[in-house]
Each structure stands twice: as structure tokens, then as C-alpha cells.
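In this note's numbering, the protein residues as written are 4 to 119.
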């Protein structure tokens, strides 16, 4: 908008000019304040986003640590299960060896008895 004023040196023109200037300055201030308000809102949104992103990263790190711990515990449980299985197999193998030793001794005794 272009405003062209013809200036004549009389008090009514001076008052009209002052009124127009004041209206223009008020509108400019209002627009500037609105602009700053919008800018402030955008800055707050960006700051809130940054805070929420930081909290999300912290939650993600905590979740990752929890999952790693759970995997380790699960692995520990798996190793524990394997060790229990290995122990059971070792006991069974020991039982088989005891039976073989018993049968061997019995066979020797039977052989010695049959030779007499």
C-alpha cells in the first residue's frame, strides 16, 4: 500500500499526519509483537522437541541396556541349562562305568569259579 500525502502547513493536516503515523506505528508494533510471538512459539516448540528427543534417547538407551541384560541373563540361563545337562550326562556315564566295572569283576569271579 502506497500512501501519498500532500503536505500543507496547517494544523489539521499536521494532526491527520500524526494520527496516520500513530496508527501505522501501532500496526507495525502489533505486527512485530505478533511476529515475535510466533517466533517465540517456534523456539519453544523446537526446545520442547529437543527435550522430548533427549528423553526418548535416554529411554532408548535404558531399553537397550535392559534388553542386553535380559539377553545376558537368558544366555546365563542357557549356559546353566547346558551345564546341568552335561552334569547329568557325566553322572549317567559314571553309572555306566560303574556297571561295566561291576560286570568285569563279576566276570572275573565267574571265570575263576568255573576254573576250579
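For each residue, glycine too, the CB sits at the ideal point set by N, CA and C.
Exercise. To the nearest angstrom, how far is it from the Cα of residue 43 to the Cα of residue 18?
Worked result: 36 Å
Problem set entry | residue 102 - DSSP class collapsed to helix/strand/coil | helix
Exercise. Between residue 82 and residue 73, what straight-line distance do the alpha-carbon atoms span, to the nearest angstrom?
Worked result: 14 Å
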